[in-house]
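Following: one structure in structure tokens, then a few remarks.
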Amino acid sequence: MDRSLLAALFLLAAAGSVLLPLSVLGLSWMEVDKEIWAHLLDTVLSSLLVNTLVLLLGVGVIVSLLGVSLAWLTAVCDFPGRKFFDWALMLPLAMPTYVIAFVVLGLLDYSGPLQSALRDVFGSSFVLPEIRSAAGLVLVLSLVLYPYVYMLARSAFLSQGRGLLDAARVLGLGPWMGFYKVALPMARPAIAGGVALALMETLADFGAVSVFNYDTFTTAIYKTWYGFFNIHAAGQLASLLLLFVVVALWLERRSRGEARYHQGGQKYRIQLTGWQAWIATLFCILVLSCAFVIPVAKLLSWVAQNHLGDLDMRYVNLLGHSLGLAAVAGCVTVSIAFFLALIKRSYAWPLVSPLVQWATLGYALPGSILAVGIMLSFAFIDNGLTKLYTLMGIESGLYLVGGVLALILAYVVRFMAVAFGAIDSGFEQIRPSVIEAARSLGASWQQLLGRVYLPMLTPGLLTAMLLVFVDVMKEMPATLLLRPFGWDTLAVRVYEMTSEGEWERAALPGITLVLAGLIPVLLLVRRSAR
Amino acid sequence: MPSFTRLFSSLLFVLFSLGSICSAFAEEVWVYSSRKEHLIKPLFDQYQKETGVSVRYITDKAPPLMARIKAEGKNTKADLFMTVDAGNLWQAANLGILAPLKSPILETNVPSHLRDAEGRWAGLSIRARTIVYSTERVQASELQTYESLAEPQWKGRLCLRTSKKVYNQSLVATMMEHLGEEKAQSIVSAWVTNLATPVFANDTKLMEAILAGQCDVGIVNTYYFGRLQKARPDIPLALFWPNQQGRGVHVNISGAGVTRYAKHPQAAQKLLEWLSSSSAQSAFAGLNMEYPVNAHVKPSEEVSAWGEFKADLIDVDVAGRNQAKAIMLMDRAGYR
């Protein structure tokens, strides 16, 4: 078959698999419940929008500050402990938002150990600012979401050569101005990609926001479904959320204009000395402790105090399912994302860009909404097929709903943006001249793929694989709804405990999940770290 | 990438073998449950030992499970739908996914206000949603009713859980039925005024706040209190049974119903009936420190120690009928 036809079919299939669950959202508009909409508009909608925007703004600012500064320090500077922090700062990625949220509340709420101790010292009227607030939630989410920015910005800084920065210095800019005026703008696609991921995750988050009882657009979607039992209105709200994301992403792309960002060249490092070096080290220690070390220690202490007794042979199964699903979904997602990015670069058809964009939208959807969309569309196909089976005399049954395929598809659709972002920013850094040179030397497509693209994209592919792997392990709502019978995972186990408020008992599956999430971080990142 | 094709084909294999498992003929019942695994698995294991019927189950929140049963339609694998909260059971019946049942056994074992009139679902355990207070800062004589928590003496002393939890929606739904919408709203608004701190995500956190001195009274489900008391027997907290001169304490249920398109309807009905029987009830309720629905079965020792109380005998399905109105009321009252 013709290669470009193949590419077109692939593109349509990828976009189509996202279209499937999204079309269910579109169909939800066929039935509009005026009473619920009037109620939402009259009472909660305006405060929800304000809440959501405050959250997005806060998380956006803090993850950018943390992610970019840490990436700059570890990728470009040198200070005591840099090699360790280089990979250790990615560890908070393994911490699900629903876990860090209950750990932080357990530690910092009025009844927690810190405030109780402070009251013992300073008297009973001593109160810290309310942690169950917008500021508290922004902090908690930022602590586990900054690695998205950190990882992407880090690869971008690593691949920047010293040439341009040297030029900047020759022209009279100091190292910090050089960072601000040259390195930062050049890393912009990567940083924007990371921030977009963090913000989409924030928008779709239901774990941390429910632990903090902070009302966002997503909690309203769930309330409309779980409380009013109006799945149509929930779908309508979700499609509005999606529209918002599409517009935001489009604006970001447009403001980038026609700028080009490929680069390369020699590596260099700024040697930090004296107090500067120690501040850098302390900053890294502070972030790593708050986002990872202290929460893990708290989880471990809960496990030790209470419920090591829950540990049994089932955990082998849970762990196996979590890792297996994450590995399969990771491979599938990364392969599809790679081809999407390749097609986007190789063909200048007018529809390519929007279709690729379309295929990466699933990340902004709340997990349950996406899951129910996939479930409904698969059930529709299944029930249709049943008629066919009956005609053909085959025993009927549901083969898609409740099968592994539906679950994997849900993961692929949900996390395509994550993989695509990492791989696409890898592509951004390859000079077109390299490809042109290879072509002019007569390289075939296979050679181009195997000897140019794949080797040059290895860091991006590994980052993508790692991100998807860890995200799938943490994923809860789609796993709950679509897993086949008996395929419980660690996230399911966490759900079983937290849904009835047994946070201490959730510590065991929680910590297992975090530790299992470290395996790929250690395997892949240490290999890619230089 | 040949390893990739191998991976994919084994994936397809797993998929289809899973499909064929469900058409096997062994005696089994498939349960979709939003009651937690650790509360149902011991009973299912016991049932299998006693009868040889194997029980397979999947857990999730109630609304997604209902959506799944509905979407799977005639092909669903679910024989029994099990959930907590009468509101959820009413919604399931309303959605048309449960089959009406004529079962003399259930009619004997389960009081009529705790099951559907058409037999589409039956309660299996009772939980009371009642007042909890600090024994250090509150005298039981200061407490009377849910409504009295709206009085100014509790300003800055009340803690509540979020209105998004269905247990609070059911509580307010029954208050609306008893007091009328207007009265109920003024009470809920006054609760909000009396709050000492933003509402909590769960009952356990709420009680910890009372222990820490952040507030003095709250409203919780009995078993959460039981769990805390079991871990720390000498906590300075106690349960209070409100509205004893009037309608009684608000109770809710966990329960189950046979699905409309069950593949094993008889087996599912037998399991449901067994769960309501004397032999299963004390374990079913006891595992979660709830009250049995079956009047012949005594609650566990630790639950009995909380004392007897007069329960509200209103049909529990009022929780479902009034749920949407209750949520709107709480939104208007600013109860998050």
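The listed protein sequences correspond, in order, to chains V and R. This note's numbering puts the first residue of the first sequence at 1, with every later residue one more than the last. This note's numbering puts the first residue of the second sequence at 1, with every later residue one more than the last. Heads up, the beta-carbon is just placed ideally off N, CA and C, and yes, glycines get one too.
Interface flag, A71 of chain R vs chain V, CB-CB below 9 Å: yes
CB contact check: M328 of chain R to chain V, cutoff 9 Å: yes
Beta-carbon contacts of I21 of chain R that lie in its chain and below 7 Å, excluding the five residues immediately before and after: Residue placement at I21 of chain R cannot be trusted, given a pLDDT of 46 that sits under 50; what the coordinates show is reported in the next sentence. Taken in chain order, the list of residues that qualify is empty.
Same chain, Cβ closer than 8 Å to E252 of chain V, five either side skipped, listed in chain order: A192 and A196
Residue nearest to H113 of chain R in terms of C-alpha spacing, selected from R:V318, R:M328 and R:Q91: R:V318
Distance, G136 of chain V Cα to F415 of chain V Cα: 27 Å
Beta carbon proximity, L211 of chain R to chain V, threshold 9 Å: yes
G286 of chain R, buried or exposed, once every other Cβ within 10 Å from all chains shown has been counted against 16: buried
Nearest-angstrom Cα separation, counted from L39 of chain R out to C161 of chain R: What sits at residue 161 of chain R in the sequence shown is Arg, not Cys. Cα to Cα, the separation comes out at about 23 Å.
C-alpha distance - W250 of chain V paired with R120 of chain R, whole-angstrom precision: 50 Å
Beta-carbon separation (whole angstroms), M375 of chain V vs L482 of chain V, contact threshold 8 Å: 6 Å
Minimum Cβ-Cβ distance from Y133 of chain R to chain V less than 9 Å: no
Limits of the alpha helix (DSSP H) - the one that G87 of chain R falls within: A86 to N94
Any C-beta of chain V under 9 Å from that of H38 of chain R: yes
Cβ contact (3+ pairs, closer than 8 Å) linking the region 429-439 of chain V and the region 398-409 of chain V: no
S23 of chain V versus V:P92, V:G227, V:V372 and V:M465, residue with shortest Cα-Cα distance: V:V372
Proximity test, Cβ basis, 9 Å: Q48 of chain R and chain V: no
Q169 of chain R: contacting residues in chain B (beta-carbon distance under 8 Å): Among the protein chains in the structure shown, which are V and R, there is no chain B.
Reduced DSSP secondary structure (H/G/I, E/B, other) of E208 of chain R: helix
Contact under 9 Å by Cβ, K77 of chain R with T59 of chain R: no
Close beta carbons around V514 of chain V, own chain, < 6 Å, minus the five adjacent residues each side: A94 and M95
Helix, strand or coil at S23 of chain R according to DSSP, with G and I counted as helix: With a pLDDT of 43 at S23 of chain R, under the threshold of 50, the modelled position of that residue is not reliable, and no figure is offered here.
Start-to-end residues for the beta strand (DSSP E) that takes in G255 of chain R: H250 to V258
Span separating the alpha-carbon of T174 of chain R from that of Y315 of chain V: 42 Å
Any C-beta of chain R under 9 Å from that of M375 of chain V: yes
Spatially closest choice to D78 of chain V from V:G106, V:S335, V:P92 and V:A280, by CA coordinates: V:A280
Proximity of Y453 of chain V and I430 of chain V at Cβ, strictly below 9 Å: yes
Where C290 of chain V sits in the DSSP three-state scheme: helix
Sub-9 Å separation of W306 of chain R and G218 of chain R beta-carbons: no
Selection of the region 189-206 of chain R by Cβ proximity to chain V, strictly under 8 Å: T197, P198, V199, F200, A201, N202, D203, T204 and K205
Distance between beta carbons of A15 of chain V and A359 of chain V, contact taken as under 8 Å: 5 Å
Assigned exposure category for P484 of chain V - 16 Cβ within 10 Å defines buried: buried
Beta-carbon contacts of L457 of chain V that lie in its chain and below 6 Å, excluding the five residues immediately before and after: G426
Rounded separation between A379 of chain V and V144 of chain V - CA only: 35 Å
Cβ pair I126 of chain R, I253 of chain R closer than 9 Å: yes
V18 of chain V versus L329 of chain R: straight-line alpha-carbon distance, rounded: 38 Å
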